[in-house]
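Protein chains in written order, with our numbering: chain A, 56 to 436; chain B, 544 to 831.
In structure tokens, the structure reads:
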């Protein structure tokens with residue numbers, strides 16, 4: 056789960072990480088008041104998860120209440136990365152001397168906690184790292200034992216220099232505690248700003264929380280932003296499905312993440328365009344198939360549905376019952392290609408055949424058929 | 544021969560009184576696995592499918608000389624269950640449970656190593672040595688005893704590929720699902736090493752997916768250390784970046800972890816990388 060800047064800032068504060076003075080606002084008049092309270096000058100930042108917010112015009116420097124009101128109105132009308140701006144952060148204007156970078160993350164390649172620092176910051180770290188020579192340094196801060204703060208300290212000295220490093224080290228320690236106490240996968244300060252008066256502050260906050268750890272963090276759980284998932288994705292999650300939409304015309308219903316990806320890849324290989332990733336998961340509650348098909352049928356670009364099931368824990372008769380239930384409850388006017396093998400497959404196929412639904416046992420043949428049908432299918436009205 | 548498990552493996556089932564634990568304990572018994580005890584705290588003295596239930600792993604190991612544990616305990620309690628098994632004296636732990644927080648898995652990774660206990664998973668379908676033993680949830684009817692080693696990050700995709708192998712007459716020595724999480728107890732490299740050293744394995748199938756750099760590390764190992772042929776299939780070519788594709792570990796992040804990068808690394812190491820699941824069996828046949 057990704058947190059917005061204003062949510063991440065609050066976490067930073069709890070771990071002693073200095074952040075600029077700021078107020079979160081929901082309206083233009085509030086923004087004007089906030090700029091007044093900051094002494095009449097401020098930065099207004101759109102609160103969105105999308106990267107490159109600055110390039111999209113989501114960050115404005117304002118002077119005076121009128122300018123603040125106008126800028127806030129403009130930002131509230133904006134759409135950044137498909138989402139309309141709903142919240143703004145009004146922040147003190149920093150007198151910036153240098154923008155650098157600091158982050159800690161769960162690094163699967165160690166595996167352990169990685170610490171990344173760079174004397175340059177302010178844009179995406181991947182871009183900065185791609186420069187030659189790269190200013191970005193990375194260390195394995197912690198493996199099985201406690202973090203190696205001596206190593207971290209010397210890395211920060213080398214990377215950030217004596218003006219920043221002594222202040223960045225306690226920040227790194229704060230981020231480490233933040234990761235472990237909140238089940239976070241990433242805590243990033245970009246930019247880490249040094250102001251002309253010598254203070255070092257976290258001028259942005261990016262925090263990613265492990266979805267699998269949310270059950271033990273009641274407060275963080277409530278911070279989920281609707282921008283992270285589309286309404287379809289939210290409906291799928293609520294039903295226990297993994298669903299990701301992409302641009303395409305063949306809807307997919309599959310059990311298992313690997314098989315779901317392989318199904319999409321094979322469609323593409325045969326010249327078709329998969330419209331989604333959808334994993335119905337391990338259990339085989341017929342309701343899940345109903346929800347899956349309801350979501351796919353709402354997408355008017357989808358012209359064919361391919362159901363590919365290899366039953367293990369999932370029982371093919373449950374899947375077949377789900378398909379039949381969906382056919383009774385939804386108006387399915389587009390062709391469905393159904394492939395069922397594995398646990399209870401004979402029973403499942405018999406159920407479908409008795410209701411006049413064609414089905415098969417070979418994945419490759421089923422994908423080919425779906426691609427062929429898609430090419431000959433008419434555009435849906 | 545086989546790796547990790549064989550007909551002598553003595554298995555305890557942690558979470559045997561739960562829905563999944565009891566169902567799969569019965570299926571493993573059907574297959575001939577030596578399921579010698581179950582563990583559910585507070586339910587000691589019960590019997591499930593003829594298997595005695597103990598209150599703790601220590602007690603179960605003491606009474607049955609079990610050397611392997613399979614964990615079906617729900618996600619919130621699974622890390623503790625694995626820790627109990629590490630301390631309990633088994634040499635191999637297979638954790639089926641999905642949804643364990645990644646930082647907990649990181650702790651288990653190092654704790655299991657400190658105690659020289661092999662941890663497979665979490666979030667995996669388990670291990671089968673066809674004809675000898677199954678410690679997992681893999682549908683055993685698709686497997687055939689033989690000499691192909693299979694290692695995979697996925698569940699049903701592995702079944703798809705294994706079925707293709709069996710239909711082509713290519714039996715398996717052992718199939719290992721290492722799990723779909725970002726941090727798992729045992730990676731591709733360690734399993735490849737076990738297969739390389741197993742006289743009962745003649746060639747290896749590796750099933751990877753987007754995310755992380757495990758396949759690239761495997762490629763390095765193959766280039767330097769492996770004499771046996773490897774055929775690989777990697778899924779996720781059509782996955783959009785920065786989106787988790789079902790498995791917590793299947794995500795292209797910051798431009799890394801793509802199918803293209805993994806394919807290139809493996810091909811450079813001499814691995815035959817196929818484009819479709821059904822081509823695995825064809826490629827293996829062509830190599831032999």
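Glycine included, C-beta positions come from ideal geometry on N, C-alpha and C.
- Annotation: Cβ neighbours of residue 321 of chain A in chain B (cutoff 7 Å, chain order): 819.
- Within chain B, 619 have C-beta atoms less than 7 Å from the C-beta of residue 270 of chain A, given in sequence order.
- If you look at residue 559 of chain B, you'll find it isn't in any beta strand (DSSP E); DSSP assigns it neither H nor E.
- Apart from the 5 residues on each side of it in sequence, residue 664 of chain B sits with its Cβ closer than 7 Å to the Cβ of 637, 638, 639, 722, 727, 728 in its chain, given in chain order.
- Listed along chain B, no residue sits closer than 7 Å to residue 431 of chain A by beta-carbon distance, the nearest being about 22 Å off.
- Residue pairing for residue 390 of chain A: DSSP places it in no beta bridge.
- In the DSSP assignment, residue 57 of chain A forms a beta bridge with A/263.
- In the structure shown, residue 76 of chain A adopts coil according to DSSP, grouped into three states.
- With contacts defined as CB atoms closer than 8 Å, residue 699 of chain B and residue 311 of chain A qualify as a contacting pair.
- Distance between residue 205 of chain A and residue 739 of chain B, taken at the CA atoms: about 40 Å.
- Contact holds between the segment 388-407 of chain A and the segment 352-370 of chain A, because three or more Cβ pairs, one in each stretch, are under 8 Å apart.
- For residue 667 of chain B, no alpha helix (DSSP H) segment is defined, and its DSSP state is neither H nor E.
- The beta-carbon separation of residue 557 of chain B and residue 624 of chain B, rounded to 5 Å, stays under the 8 Å limit for a contact.
- Residue 285 of chain A has its alpha-carbon roughly 45 Å from the corresponding atom of residue 633 of chain B.
- For residue 690 of chain B, the enclosing beta strand (DSSP E) stretches over residues 688-695.
- In the structure shown, the three-state DSSP call for residue 759 of chain B is helix.
- Taking CB atoms only, residue 801 of chain B has no neighbour in chain A less than 8 Å away.
- Inter-residue distance for residue 341 of chain A and residue 118 of chain A is about 59 Å (C-alpha atoms, whole angstroms).
- For chain A, the residues of the segment 640-659 of chain B that bring a beta carbon within less than 9 Å of one of its beta carbons are 641, 642, 643, 644, 645, 646, 647, 648, 649, 650, 652, 653, 654, 656, 657, in chain order.
- Annotation: residue 747 of chain B to residue 427 of chain A spans about 34 Å, alpha carbon to alpha carbon.
- Look at residue 99 of chain A: its C-beta is not under 8 Å from any C-beta on chain B.
- Within chain A, no C-beta atom comes less than 8 Å from the C-beta of residue 581 of chain B; the nearest is roughly 19 Å away.
- Residues of chain B with a Cβ closer than 7 Å to the Cβ of residue 368 of chain A are, in chain order, 680.
- Here residue 608 of chain B has 553 as same chain residues with Cβ atoms under 7 Å from its own Cβ, once five neighbours each way along the sequence are excluded.
- A distance of 8 Å or more separates the beta carbons of residue 351 of chain A and residue 376 of chain A.
- Of all residues in the segment 714-733 of chain B, those with a C-beta nearer than 8 Å to a C-beta of chain A are 723, 725, 726, reading in chain order.
- Beyond the five residues adjoining it in sequence on each side, residue 368 of chain A comes within less than 6 Å, by CB distance, of 337 in the same chain, given in chain order.
- By alpha-carbon distance to residue 566 of chain B, the top candidate from B/815, B/610, B/679 is B/679.
- Per DSSP, residue 70 of chain A lies in no beta strand (DSSP E) segment and is marked neither H nor E.
- When DSSP reads this structure, residue 307 of chain A sits in a beta bridge with A/361.
- Separation of the CB atoms of residue 145 of chain A and residue 86 of chain A is rounded to 5 Å, and the pair is thereby assigned contact status at 8 Å.
- Take the alpha-carbon of residue 628 of chain B and the one of residue 551 of chain B: they are about 19 Å apart.
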